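Written out below as structure tokens is the structure these notes cover.
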Amino acid sequence: MIKKLAYRQRRQMWVCICLLSFMVILFSGLELMWGNTFYSPWEVIQALVHQDNFAVVQLRLPRVLVGILCGFAFGIAGHSFQTMFRNPLASPDIMGVSSGAASFAVFGLLVLHKSGIVISILSVMGALFTSFLIYRFANNTDSKLTKMILVGLGMQAFLQALISYMILKAAPNDLSNAMRWLSGSLNHSSMDEVLRLLPIVVLIGGILMWIQPHVQILKLSKEMAIPLGVNVKRIQMLVFVCAVILAAVAASTTGPIASVAFLSGPIAQKISRQNQNSLPIAGLVGSLIVLLADCISQNVLPIRYPVGVITGVLGAPYLIYTLLRLNKKGGRG
Amino acid sequence: MKTKGKIFVFVLLVILLAIVMFLSLSIGAKSFSFSALLEAFMTQNESFEFSVIQQRLPRTIFGVLAGASLAVSGCLMQNITRNPIADPGILGVNSGAALFVVCGISFFHISGPFPYIVLGFLGALLTSFLVYGIASSGMGATPLKLVLAGAAVSIALQSIISMITMPNTQVMDTFRFWQTGSISGADWSSVRSLLFCFGIGMVLSFALAHSLNMISLGDELATGLGVRVQKTRAIAALAGVLLCASVTALAGPIAFVGLMIPHVMRLLCGNNLFVLLPFSAVGGGILLLVSDILGRVLLAPSQLEVGIVSALLGAPVFIGIVRKAKVKGL
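See below:
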């Protein structure tokens, strides 16, 4: 009986993953085809094989790949945070961790004039430092999570102001660049960034997947987890650090794309119907959200907004909905 | 503190405000010494100094009024919602005002400070209803829910503002301050409009101060003492929204001034609104001008918007208040 149930659950999960992957591929294809000039699917495939079409290979392909990878990273990071704190509001973009990464990345780019891997390392440091500060400030109080979220909101305001200051100080008013760091954008994506993102996302994502069974037990309750042989402290720390690294690396390439991390987790839970392992689904949902928002911003609307503006508009109503639902449940997260 | 001590502190604050105003007149892309300033004021001839000061004077006065309005507005909001972290910027009210004004400018080609204020007031009013409605559904509004509802609403509204302003870069450049808030564009007509609204707001809040003081003892007690609780709250909320909306309509959303000042001033003068309101007004003026001056110094010869500086100064204070406040979970 249990075996049958487990089998069915696993099958359901694979169906979900396959469907979502298919949709991600579909939207990537759409983005490769659609743009200033329209290419037919055949032309796109030709271009990818022969590497000869500038618009497709040099401009659209890195954009799509960065979108997929960053969306995946944000999705997994958000989902891990939300499962660990057992609260839909605890996601790296609401708690200011993404902004911490972005502000360190901006500092590295504009003040230290570095690029490449140094930026990634700096942004990871920034995110870890920010989350450490949030944790410190909220520690030793009775309602820790509430305070962490509130302190995070304050941090975010501070860091966004800091980013604005550095941008205004360093560069002439380059609006598209500024918007990238304030709300997240896929402009300026390049193949180098894809190569830098890919190993980190695969490695850290792999670790998170690997320890996922332990996290699921932890989700039940701490008291249950200890006799089942889970080292609670170590697992929590590991998940936290991995999620922070993922969010940081993604935010250092695209800027903090609003609400992707916050949205993916709950959507994945809905899709997988409370299925045990919704982590990869959350990642795919994240990719899908970024691609979809980018498609909208690039092609549907009259001018090309940064993708973060679109996800901001999509995410805010959901945040309000979450609040209303939390209220209905009697005020307990 | 005794009354005498409070008067002494108040006088000190006013002197500080005067000093800061002088600094605001003298510091900038071209800085003047104190004596040059005085001379320009005395002679009033067509000298270079005088013309520069003529540019800086409305900005300085506007800054004082804007800071005072925001601080008083924050004071009222904290009192009404009985919430230590209420602030027109954090609650998203300022973004609502900004959105309405931006819509008015780009879709209906409205211009002039007074129409802006009317639009901003409408926007702020609707947004505050929305935010409070979201936060108070179910179990009543806790600080966390108010702040989160405010943050969510303001993320959405800010995104819509960027969507409206970004299509044409010229408009974007002129109205950049709708994103961050800046008092650099102030002229005499905006000073006059702001002064008018500030006057109304101050008169209303002083008229209500006695009732509001009683409400802070508790709703039941205040009703027993003959205060019409709901009516007082509603009018005080209107006054608070008017104050922050008029500033936002003319200078863009400036956060954290309304949060910080009432807390600092409460340490100096206690909870009595009759004393707290004037203290907050003066303190708000000082803070906004200091932020503006810092913005000019930090990014010389260019300038940093005052909204950015106030966030840099205010966010740490916000975190400090959150740490100390007794927050009851979600």
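If you read the protein sequences in the order shown, they are chains A and B.
Letter by letter, the first sequence follows residues 803 to 1135 in the numbering used here.
Letter by letter, the second sequence follows residues 583 to 912 in the numbering used here.
Even for Gly, the Cβ is constructed at its ideal location relative to N, Cα and C.
Keep in mind it's a predicted model, so treat the numbers as computed, not measured.
Selection from A:PHE883, A:LEU961, A:PRO1001 and A:LEU850 that minimises the alpha carbon distance to SER922 of chain A: Along the first sequence, read from residue 1 onward, the residue named residue 922 of chain A stands at position 120. The option with the nearest alpha carbon to SER922 of chain A is A:PRO1001.
Any chain B beta carbon closer than 9 Å to SER900 of chain A: Here residue 900 of chain A refers to the residue found at position 98 when the first sequence is read from its first residue. No, because no Cβ of chain B sits closer than 9 Å to the Cβ of SER900 of chain A.
Local Cβ density within 10 Å of TYR809 of chain A, reported as buried at 16 or more and exposed below that: For the purposes of this step, residue 809 of chain A is taken as residue 7 along the first sequence, with counting starting at 1. Under the 10 Å beta carbon count, TYR809 of chain A is surrounded by fewer than 16 other beta carbons and is classified as exposed.
Residue-chain proximity (GLY1007 of chain A, chain B), Cβ-Cβ < 9 Å: Reading the first sequence from its first residue, position 205 is the one you call residue 1007 of chain A. Chain B, which has no Cβ nearer than 9 Å to the Cβ of GLY1007 of chain A, makes this no.
Helix, strand or coil at SER991 of chain A according to DSSP, with G and I counted as helix: For the purposes of this step, residue 991 of chain A is taken as the residue at position 189 of the first sequence. Residue state, collapsed to three classes: coil.
Residues that VAL1092 of chain A contacts on chain B, provided the C-beta gap is smaller than 9 Å: To locate residue 1092 of chain A, count along the first sequence from 1; it is residue 290. What VAL1092 of chain A touches in chain B: nothing, since even the nearest Cβ is about 16 Å away.
Simplified DSSP assignment, three categories, for SER884 of chain B: Your numbering for residue 884 of chain B matches position 302 in the second sequence. In the structure shown, SER884 of chain B sits in coil (DSSP, three-state: anything other than H, G, I, E or B).
ALA668 of chain B, DSSP secondary structure in three states: Working through the second sequence from its first residue, we reach residue 668 of chain B at position 86. It is coil, neither helix nor strand.
GLN853 of chain A (DSSP reduced to helix, strand or coil): Locating residue 853 of chain A in the first sequence gives position 51, counting from the first residue. In this structure, GLN853 of chain A counts as coil in the three-state DSSP scheme.
The segment 1114 to 1126 of chain A: positions lying closer than 8 Å to chain B by Cβ: GLY1114, VAL1115, GLY1117, ALA1118, PRO1119, LEU1121, ILE1122, LEU1125 and LEU1126
C-alpha gap between ASN676 of chain B and ILE1028 of chain A, whole angstroms: Position 94 of the second sequence holds residue 676 of chain B. Position 226 of the first sequence holds residue 1028 of chain A. Taking the straight line from one Cα to the other gives about 48 Å.
DSSP-derived helix/strand/coil call for LYS806 of chain A: Position 4 of the first sequence, counting from 1, holds the residue named residue 806 of chain A. Note: LYS806 of chain A maps to helix in three-state DSSP.
CB contact below 9 Å: PHE960 of chain A versus chain B: Along the first sequence, one-based indexing puts residue 960 of chain A at 158. Yes, contact with chain B.
Limits of the alpha helix (DSSP H) - the one that GLN958 of chain A falls within: Taking the first sequence and counting its residues from 1, the one referred to as residue 958 of chain A is at position 156. Run containing GLN958 of chain A: 946 to 972, per the alpha helix (DSSP H) assignment.
Complete runs of the alpha helix (DSSP H) confined to the segment 761 to 827 of chain B [at least 4 residues]: 770 to 797 and 801 to 806
Where the alpha helix (DSSP H) containing ASN661 of chain B begins and where it ends: Taking the first residue of the second sequence as 1, we reach residue 661 of chain B at position 79. From DSSP, the alpha helix (DSSP H) with ASN661 of chain B extends over 630 to 663.
Near-chain B residues of the segment 907 to 937 of chain A - C-beta to any C-beta below 7 Å: none
VAL1111 of chain A at chain B interface by Cβ criterion, 9 Å: Within the first sequence, numbered from 1, the residue matching residue 1111 of chain A stands at position 309. Yes, contact with chain B.
Backbone CA spacing between MET897 of chain A and PHE900 of chain B [nearest angstrom]: If you number the first sequence from 1, residue 897 of chain A lands on position 95. If you number the second sequence from 1, residue 900 of chain B lands on position 318. MET897 of chain A and PHE900 of chain B have their C-alpha atoms roughly 14 Å apart.
Per-residue burial, SER617 of chain B [other beta carbons within 10 Å of its own, 16 or more giving buried]: Counted from its first residue, the second sequence places residue 617 of chain B at position 35. The residue in question, SER617 of chain B, is exposed, as its Cβ has fewer than 16 Cβ neighbours within 10 Å.
9 Å Cβ cutoff met for ALA893 of chain B and GLN811 of chain A: As a working mapping, residue 893 of chain B is identified with position 311 in the second sequence. As a working mapping, residue 811 of chain A is identified with position 9 in the first sequence. With contacts defined as CB atoms closer than 9 Å, ALA893 of chain B and GLN811 of chain A fail to qualify as a contacting pair.
CB contact check: SER966 of chain A to chain B, cutoff 9 Å: Start at 1 with the first residue of the first sequence, and residue 966 of chain A comes out as number 164. By the rule that beta-carbons nearer than 9 Å mark a contact, SER966 of chain A touches chain B.
Within-9 Å CB hit, LEU912 of chain B to chain A: Numbered from 1 along the second sequence, position 330 holds the residue referred to as residue 912 of chain B. A caution first: LEU912 of chain B carries a pLDDT of 44, below 50, which makes its placement in the model too unreliable to give a value.
Cβ of GLN660 of chain B within 9 Å of any chain A Cβ: Against the second sequence, residue 660 of chain B aligns to sequence position 78. With 9 Å as the cut-off, GLN660 of chain B does not count as an interface residue toward chain A.
Buried or exposed by the 16-neighbour rule on C-beta atoms within 10 Å, applied to MET1039 of chain A: Counted from its first residue, the first sequence places residue 1039 of chain A at position 237. Taking all protein chains shown into account, MET1039 of chain A has fewer than 16 neighbouring C-beta atoms within 10 Å of its C-beta and is therefore exposed.
Buried versus exposed, by CB contacts within 10 Å (16 or more), PHE909 of chain A: Position 107 of the first sequence holds residue 909 of chain A. By the Cβ-count criterion, PHE909 of chain A is buried, with 16 or more other Cβ atoms from all chains shown falling within 10 Å of its own Cβ.
Residues of its chain near PHE752 of chain A, where Cβ-Cβ distance is below 8 Å and the 5 sequence neighbours each way are ignored: Summary: the structure shown does not reach residue 752 of chain A, with chain A confined to residues 803 through 1135, and so no result is reported for it.
Spatial neighbours of LEU912 of chain B in its chain, beta-carbon cut-off 8 Å, leaving aside the 5 residues before and after: Counting from one through the second sequence, the residue named residue 912 of chain B turns up at place 330. Model confidence at LEU912 of chain B stands at a pLDDT of 44, short of 50, so the residue's coordinates are unreliable; what they give is reported in the following sentence. So the list reads THR724, LEU726 and LYS727, once near-sequence residues are dropped.
Chain A contact for PHE682 of chain B (CB, 9 Å cutoff): Along the second sequence, one-based indexing puts residue 682 of chain B at 100. No, because no Cβ of chain A sits closer than 9 Å to the Cβ of PHE682 of chain B.
Minimum Cβ-Cβ distance from LYS588 of chain B to chain A less than 9 Å: For the purposes of this step, residue 588 of chain B is identified with residue 6 of the second sequence, where counting begins at 1. Output row for LYS588 of chain B: interface = no.
contact_flag[the segment 865 to 877 of chain B, the segment 671 to 691 of chain B] where n(CB pairs < 8 Å) is 3 or more: no
Contacts of LEU886 of chain B in chain A (Cβ-Cβ under 9 Å): As a position in the second sequence, residue 886 of chain B is number 304, starting the count at 1. Going along chain A in sequence order, the residues near LEU886 of chain B (Cβ under 9 Å) are SER966, TYR967, LEU970 and LYS971.
Where LEU822 of chain A falls: helix, strand or coil (DSSP): By one-based count along the first sequence, residue 822 of chain A stands at place 20. Of the three classes helix, strand and coil, the one that applies to LEU822 of chain A here is helix, per DSSP.
Chain A within 9 Å of ALA734 of chain B, Cβ atoms only: Position 152 of the second sequence, counted from the first residue, corresponds to residue 734 of chain B. Closer than 9 Å to some Cβ of chain A, the Cβ of ALA734 of chain B qualifies, so yes.
Reference LEU824 of chain B, options B:PHE604, B:VAL654, B:VAL646 and B:ALA600, closest by Cα: Translated into positions along the second sequence, residue 824 of chain B becomes position 242. For LEU824 of chain B, the nearest C-alpha among the options comes from B:VAL654.
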